[in-house]
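Going down the list, the protein sequences come from chains A and B. With our numbering, letter number 35 in the first sequence gets 35, and the count goes up by one each step, no holes. With our numbering, letter number 141 in the second sequence gets 361, and the count goes up by one each step, no holes. Each residue gets a CB set at the ideal place from its N, CA and C atoms; glycine is no exception. Every value quoted in this text rests on a predicted model; they were computed, and no experiment measured them.
Protein chains: 2
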Amino acid sequence: MNDQQGAAQTGLSTGERLLVGAAELFREKGYAGTTTRELSALVGIQNASLYHHVGGKEDLLYSLCVAALDDVARVFDIPDRGEEPAKVLEQMARGYLEQALKDRDRHATMLTEIRSLSPDRRAAVVARRDENVARLRSVIVSAQEAGQVRADIDPKYLTLALFNLLNWSIFWFNPDGELTKEEIGKILWSVYFDGVAAPAPARTRKPRGTKGSGARKATG
Amino acid sequence: MNDQQGAAQTGLSTGERLLVGAAELFREKGYAGTTTRELSALVGIQNASLYHHVGGKEDLLYSLCVAALDDVARVFDIPDRGEEPAKVLEQMARGYLEQALKDRDRHATMLTEIRSLSPDRRAAVVARRDENVARLRSVIVSAQEAGQVRADIDPKYLTLALFNLLNWSIFWFNPDGELTKEEIGKILWSVYFDGVAAPAPARTRKPRGTKGSGARKATG
DNA sequence: GTCTATACACAGATAGAC
DNA sequence: GTCTATCTGTGTATAGAC
Numbered sequence: 001m002n003d004q005q006g007a008a009q010t011g012l013s014t015g016e017r018l019l020v021g022a023a024e025l026f027r028e029k030g031y032a033g034t035t036t037r038e039l040s041a042l043v044g045i046q047n048a049s050l051y052h053h054v055g056g057k058e059d060l061l062y063s064l065c066v067a068a069l070d071d072v073a074r075v076f077d078i079p080d081r082g083e084e085p086a087k088v089l090e091q092m093a094r095g096y097l098e099q100a101l102k103d104r105d106r107h108a109t110m111l112t113e114i115r116s117l118s119p120d121r122r123a124a125v126v127a128r129r130d131e132n133v134a135r136l137r138s139v140i141v142s143a144q145e146a147g148q149v150r151a152d153i154d155p156k157y158l159t160l161a162l163f164n165l166l167n168w169s170i171f172w173f174n175p176d177g178e179l180t181k182e183e184i185g186k187i188l189w190s191v192y193f194d195g196v197a198a199p200a201p202a203r204t205r206k207p208r209g210t211k212g213s214g215a216r217k218a219t220g
Numbered sequence: 221m222n223d224q225q226g227a228a229q230t231g232l233s234t235g236e237r238l239l240v241g242a243a244e245l246f247r248e249k250g251y252a253g254t255t256t257r258e259l260s261a262l263v264g265i266q267n268a269s270l271y272h273h274v275g276g277k278e279d280l281l282y283s284l285c286v287a288a289l290d291d292v293a294r295v296f297d298i299p300d301r302g303e304e305p306a307k308v309l310e311q312m313a314r315g316y317l318e319q320a321l322k323d324r325d326r327h328a329t330m331l332t333e334i335r336s337l338s339p340d341r342r343a344a345v346v347a348r349r350d351e352n353v354a355r356l357r358s359v360i361v362s363a364q365e366a367g368q369v370r371a372d373i374d375p376k377y378l379t380l381a382l383f384n385l386l387n388w389s390i391f392w393f394n395p396d397g398e399l400t401k402e403e404i405g406k407i408l409w410s411v412y413f414d415g416v417a418a419p420a421p422a423r424t425r426k427p428r429g430t431k432g433s434g435a436r437k438a439t440g
């Protein structure tokens, strides 16, 4: 495993380092706000050399978006072992978040800079993204049918709500912070599934979290 | 009430129309991706005329951010009538969302383009934003102390989770869609407060939503 | 308050040697 | 595969007349 960060990674080809660096800069300054010169400098080559590896600036953005969505598709591709839909959903949600937080630059760029793609490419990326969304939604529907998820809200909005909850984390998550990706995933899933309301005033039963997702108190 | 949309509004001064137009374009193409020429054209003046009203492009972004955060501060400034903290929190959350969805361009720009501000201005805007966050957080703490909100999760993350849930809506909400701002607010609040888990297998009680926030089934 | 004209910097991208 | 040099378009902003 390569634990180095950013575009200065060793063991990567120049082309790969350009992609990593592009994600870094696009996230930090936006696509339009990033210059190919900055990127070249970050990677340690001249501006002209960049065009030996990449057709143009937009190619970098497109590759990034596709890679991010492939990440997600891979996470969502869970073999059917007959598990309870709610469990599968939890796996998908938490897997998605971990993946997205692992490659924040890439995923943040994908989420905010789709608009900067040419119409053709934008359409292709959006279609790919919609496939992922549909996949998650279908599991939500199954969970509703299995009586594990409330059915009084349209699955469309349950899906959107889940992505809401997870996506925005990409913009504030700090890998050096007090909580790991996994811990945040646990908490957010519990908020989504169990809600934040305090359990009904004790009927001499355990407070909650026994059957729930058991997010533990995180101090800080 | 002025029901016209966008920068072509009548009854607004040129300066105000520049702000509206800037929000529109910044949201659509990003700050760096928007040219002052486009903005001038949208408002119907020459590029040079813009500088009679505004010091420069960045001034527009700064004004936008401050205005958006002032919106929020106003919504969060709820007089203490001794209401239950959880009710105050609901009011804040739903009020915030309605405000943000009403001025999506402005709020989306504020959320994604803070990075494009000069360091001084960025710091000022971030400080202002943090005040709003702190205000909401303090109500969450009160709700925990009152036993209305679960206390096994750090209020910091309950706060972040709520903003997650609300903020991302700004990017997909469609005013011409099937649900109104208010309906989406109802749903998202219910997801946050009650969770999406189906109520415990009927013990001959009503399904749920009686004591909860009562999001009704939205078809579509 | 708006215009025409323009200064000046810097962007993405290419040519062609090594 | 990387370099130096350079083309060409376009960006923000200003000067100064009306």
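If we count the other Cβ atoms within 10 Å of its Cβ and call it buried at 16 or more, is residue i buried or exposed?
i                     : result
residue 192 (chain A) : buried
residue 200 (chain A) : exposed
residue 107 (chain A) : buried
residue 333 (chain B) : buried
residue 102 (chain A) : exposed
residue 405 (chain B) : buried
residue 268 (chain B) : exposed
residue 306 (chain B) : buried
residue 205 (chain A) : Residue confidence is low: residue 205 (chain A) scores 48 on pLDDT, short of 50, so the model does not pin down where it sits. Its coordinate-derived value is still stated next. The residue in question, residue 205 (chain A), is exposed, as its Cβ has fewer than 16 Cβ neighbours within 10 Å.
residue 71 (chain A)  : buried
residue 347 (chain B) : exposed
residue 74 (chain A)  : exposed
residue 257 (chain B) : exposed
residue 358 (chain B) : exposed
residue 210 (chain A) : Any reading at residue 210 (chain A) is ruled out, since the residue's pLDDT is 43, under 50, leaving its predicted position unreliable.
residue 266 (chain B) : exposed
residue 226 (chain B) : exposed
residue 20 (chain A)  : buried
When you compare the CB positions of residue i and residue j, do they come within less than 8 angstroms of one another, or not?
i                     : j                     : result
residue 238 (chain B) : residue 289 (chain B) : no
residue 136 (chain A) : residue 76 (chain A)  : yes
residue 55 (chain A)  : residue 336 (chain B) : no
residue 387 (chain B) : residue 309 (chain B) : no
residue 381 (chain B) : residue 179 (chain A) : no
residue 298 (chain B) : residue 319 (chain B) : no
residue 165 (chain A) : residue 385 (chain B) : yes
residue 367 (chain B) : residue 198 (chain A) : yes
residue 375 (chain B) : residue 353 (chain B) : no
residue 278 (chain B) : residue 338 (chain B) : yes
residue 273 (chain B) : residue 329 (chain B) : no
residue 170 (chain A) : residue 104 (chain A) : yes
According to DSSP, what are the bridge partners of residue i?
i                     : result
residue 417 (chain B) : A:149
Is residue i near the ligand SAH, in the sense that its beta carbon is under 7 angstroms from a heavy atom of that ligand?
i                    : result
residue 42 (chain A) : In terms of ligand content, the structure shown is empty, and the ligand SAH therefore cannot be addressed.
Is the number of C-beta pairs between the stretch 185-199 of chain A and the stretch 228-239 of chain B that are closer than 8 angstroms three or more? Cβ pair count under 8 angstroms is below three, so no.
Assess contact between the stretch 25-32 of chain A and the stretch 232-246 of chain B, defined as three or more Cβ pairs (one per stretch) separated by less than 8 angstroms. Is contact present? Touching, no, given that fewer than three Cβ pairs across the two stretches are closer than 8 angstroms.
Are three or more beta carbon pairs between the stretch 144-158 of chain A and the stretch 91-108 of chain A nearer than 8 angstroms? With a cut-off of 8 angstroms, the stretch 91-108 of chain A and the stretch 144-158 of chain A do not count as touching, because too few Cβ pairs lie within range.
Take every Cβ of the stretch 52-67 of chain A, pair it with every Cβ of the stretch 117-135 of chain A, and state whether three or more of those distances are shorter than 8 angstroms. With a cut-off of 8 angstroms, the stretch 117-135 of chain A and the stretch 52-67 of chain A count as touching, because enough Cβ pairs lie within range.
Ordered list of alpha helix (DSSP H) runs contained in the stretch 47-113 of chain A, each at least 4 residues: Entirely contained in the stretch 47-113 of chain A, the alpha helix (DSSP H) runs reaching 4 residues are, in chain order, 47-53, 57-76, 85-102, 104-113.
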